[in-house]
Structures are given as C-alpha cells and as structure tokens.
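Numbering (this note's numbering), first residue to last: 5 to 424. The structure appears below as structure tokens.
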C-alpha cells in the first residue's frame with residue numbers, strides 16, 4: 005500500500021511537472037508515460053532507450069541508449085529521478101523513472117519528456133519488443149541525378165540525345181520520388197523515348213534511367229541546359245531538400261537547314277512635283293527573293309492629308325486605309341500594283357507603307373514574323389494653273405461683270421425700241 009501510494013504521488017509530480025513545462029509547447033512535452041518490460045526498449049525517431057535491468061527491491065533501473073543502432077549512453081536511475089540525454093539538434097529527452105514492478109520479468113514505468121523539439125517532427129515512437137536490435141531506423145536517401153548529352157557541338161537544326169539517370173547513394177530508401185524535366189529554351193523537343201511517370205522509389209544503391217529524349221537546336225549560341233530536379237522522402241516519410249542534376253553546356257552553330265522568306269517592298273511614283281488637282285501615278289512592287297514561301301503578306305498604305313488615293317484592282321480600303329493582302333506568296337514570286345494619287349492641297353508630303361509577312365524557317369514550330377516600313381521621297385504640290393485667279397479680290401471680277409451686264413442690258417433695250 006505504501007509503495008502504491010508513493011508511486012502514485014511520484015506519477016502526479018511528474019505529470020504536474022510536465023504540464024508546467026508544456027505551458028510552452030516548444031519547450032517541453034510528454035511523449036510517453038507507460039510501462040516497458042526489461043529487455044525491451046522505446047524508440048523515438050532513430051533513438052532507442054533499452055531497459056537493460058530493473059531492480060524492484062532497490063527501486064531503480066538501468067538503461068542503454070542507441071542512435072541508429074550505435075550505443076551513445078547508459079545510466080542508472082532511482083524511482084523519482086530522471087536522466088537527460090541529448091537528442092536531435094539542440095533538443096533533449098528527459099527519462100523519468102516512475103516505478104519498478106516485479107513479475108516474470110521486471111517492468112518499469114517511465115515518462116519521456118521532449119525538450120525544445122516539436123512533437124510534429126516525431127516520425128517514429130513506440131515500445132520495441134526486444135529492444136534496439138529489432139528497431140527499424142530511418143536513414144538519409146541521397147539522389148545523384150546525372151544529365152548527359154551525346155554531342156555538345158551541333159548546328160542549328162541538328163538533334164542531340166539527352167539521357168537522365170538517378171542513383172540513390174544514401175543509406176535509406178528514397179520514396180515518393182517525383183522528377184521534373186524542364187523545357188529547354190532555344191531547343192525543340194523532337195522525340196521522347198523515356199519520360200518520368202508519376203511517383204517512383206529507389207532502393208539503397210539502385211540506379212534508374214529517368215528520361216531519354218531528343219532535342220532539335222533552333223538558334224545559334226551557347227546554352228546551358230536546365231537541370232532535372234526531384235523531390236523525395238525517406239522510408240519514414242520525411243521530406244528532403246530538392247535534388248538537382250548537373251547542367252550540360254551545348255554550343256549551337258549556324259546551320260544550313262534554316263530557310264527564310266525575304267520579301268522586298270518598293271513604292272515608286274512617276275513624278276514628285278505636281279500642281280494642285282493633278283494626278284500622280286504610283287506603283288508598289290512585291291518580290292520574294294528568299295528560299296521559303298511567305299504567308300499573310302500585308303501592305304498598309306499610309307496616305308497623308310492633302311493627297312487623295314485612287315485605288316486599283318488588288319487594293320482595297322479597310323477602315324479608310326488602303327491595303328494589299330496576299331494569303332500566300334511563293335519563292336521568287338513578283339506582283340505589281342498600280343494606283344493614282346490626286347494632289348488636293350498645296351504642300352510637301354511623303355507616302356509610306358507598313359509591310360509585314362510570316363514564314364516557316366524549317367526548324368521552329370512557330371512561324372517567323374517580319375515587319376518593315378517604306379517611305380517615298382518628298383512629294384511637292386504647287387499651285388494649279390488657275391489658282392492665281394482665285395486668289396484675286398472679288399471686286400476684281402465683279403466690276404467688269406457689272407459693266408458687261410449693263411452694256412448688254414442697254415443693247416437689249418434699244419433693240420426692243422427699234423423693233424416697234
């Protein structure tokens with residue numbers, strides 16, 4: 005009865021102490037309060053506390069502590085006493101001996117309190133029958149990812165073969181492994197033979213081919229391929245920092261496989277000095293001197309105020325802007341468009357065009373776009389033949405007209421008198 009009462013009081017004291025310490029959750033928290041039979045142990049992550057001997061008559065017990073199967077400490081404590089041992093990082097574990105009971109095998113009741121260690125970071129805890137020899141330890145998987153290319157000096161349009169392998173060189177199985185293979189700028193994914201598929205795992209020492217594919221070089225220059233990355237966990241489900249591969253360097257020279265459309269736009273006028281109200285004849289010539297056909301050839305004619313545009317076949321006005329549009333335009337093809345400008349106002353002008361077209365260079369999947377501008381020489385519009393007459397004051401024309409009108413009226417009047 006005395007032993008039972010004493011054990012109860014000790015347990016209450018320990019619980020009370022733990023509750024006080026647990027006021028700051030990050031400072032101390034009781035992980036376990038229960039019994040362990042002699043010869044068994046209690047595992048906390050990779051630490052195992054074995055109960056090696058229990059002495060009910062002496063109210064004491066001895067313990068051995070192992071980390072990853074290696075002995076790191078041993079101690080003997082009495083009921084009501086505790087022993088502090090170093091745990092992970094700067095944390096500690098307080099081992100309190102609550103009581104020792106006799107039986108077929110002596111049994112100890114212990115309380116384990118974690119100091120300065122988040123409870124959420126405990127990934128393994130519980131009684132281990134047979135002690136540390138039967139514990140399963142969590143190690144550190146380490147992924148070595150290698151990215152290799154079959155050739156590092158190529159020309160635009162050439163293919164390179166990329167192979168990515170991964171090996172687990174750590175001391176634990178890598179689980180939940182997810183590989184990320186990035187897109188490569190200035191290269192086109194031409195063909196894929198092996199691709200990462202969802203989650204996988206790698207045993208200790210295991211090697212796998214993760215990806216095999218071909219890239220097509222699209223632009224000259226020296227490029228560093230982006231690394232392959234992987235996220236993973238260990239056998240206990242602990243997440244580890246992202247692993248990355250090496251980054252091969254590939255030099256791409258200008259190749260002969262690229263083709264391009266080279267559209268020449270030319271605007272000519274038959275004269276650049278005209279009188280007001282006179283016409284100017286213009287011609288727009290389009291010619292493809294490249295080695296690839298073009299599509300979407302567009303010419304927007306920008307007509308300044310003071311000139312009136314008179315179009316012709318093939319030139320239509322859209323939102324007030326004269327436009328030429330060709331859906332396709334072949335290699336060495338030529339077209340010519342004529343138009344008329346009327347000089348409406350005296351002044352100095354230029355006629356400009358905004359030109360654009362698309363073409364495939366034979367390498368990139370996207371069409372290449374080219375735009376340009378063309379501006380004519382200055383157009384001088386001078387006064388017309390009768391413009392000087394219109395500039396005279398109105399009385400210069402009104403007085404002679406009045407005199408002529410009066411003479412005509414007098415003649416008509418006298419004609420009427422003599423008629424009778």
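Ideal placement from N, C-alpha and C gives every residue a C-beta, glycine not left out.
The residue among 374, 127, 411 and 362 with its C-alpha nearest the C-alpha of residue 243 is 127. The closest CA to that of residue 71, considering only 89, 262, 110 and 310, is found on 89. With 16 or more other Cβ atoms inside 10 Å of its own Cβ, residue 69 counts as buried. The stretch 215-232 and the stretch 324-336 do not touch, with fewer than 3 CB-CB distances between them shorter than 8 Å. Spatial neighbours of residue 134 in its own chain (CB-CB distance under 6 Å, excluding positions within 5 residues in sequence) are not present. With 16 or more other CB atoms across the displayed protein chains lying within 10 angstroms of its CB, residue 177 is buried. Per DSSP, the continuous beta strand (DSSP E) segment holding residue 331 begins and ends at 325-333.
When DSSP states are grouped into helix, strand and coil, residue 124 belongs to the helix group. The continuous beta strand (DSSP E) containing residue 54 extends over residues 51-59. DSSP assignment within the stretch 187-235 yields the following whole beta strand (DSSP E) runs of 3 residues or more, N-terminal first: 191-198, 204-206, 211-221 and 225-228. Residue 112 and residue 49 have their C-alpha atoms spaced approximately 21 Å apart. Contact between residue 256 and residue 158 holds: CB atoms are separated by about 6 Å, below the 8 Å threshold. Taken in chain order, the complete alpha helix (DSSP H) segments of 4 or more residues contained in the stretch 306-384 number zero; there are none.
Taking C-beta atoms as the reference points, residue 200 and residue 172 fail to come closer than 8 Å.
Under the 10 Å beta carbon count, residue 377 is surrounded by fewer than 16 other beta carbons and is classified as exposed. Counting the other Cβ atoms within 10 Å of the Cβ of residue 197 gives fewer than 16, which makes it exposed.
From the listed residues 64, 37, 408 and 362, the smallest Cα separation to residue 110 is found for 64.
When DSSP states are grouped into helix, strand and coil, residue 32 belongs to the strand group. If you draw a straight line from the Cα of residue 138 to the Cα of residue 41, it comes to about 15 Å.
Rounded to the nearest angstrom, the gap between the Cα atoms of residue 285 and residue 372 is 34 Å. If you draw a straight line from the Cα of residue 184 to the Cα of residue 367, it comes to about 26 Å.
In this chain, the beta strand (DSSP E) harbouring residue 87 covers 86-90.
Taken through DSSP and simplified to helix, strand or coil, residue 415 comes out as helix.
Distance between residue 361 and residue 216, taken at the CA atoms: about 37 Å.
For the pair residue 161 and residue 220, the Cα-to-Cα distance works out to about 6 Å.
For residue 136, the closest alpha carbon among the candidates 91, 193, 75 and 370 is that of 75.
Going by C-alpha positions, residue 37 is about 39 Å away from residue 182. Going by DSSP, residue 156 is part of no beta strand (DSSP E) at all; its letter is neither H nor E. Note: residue 289 is bridge-paired with 270 and 340 in the DSSP secondary-structure output.
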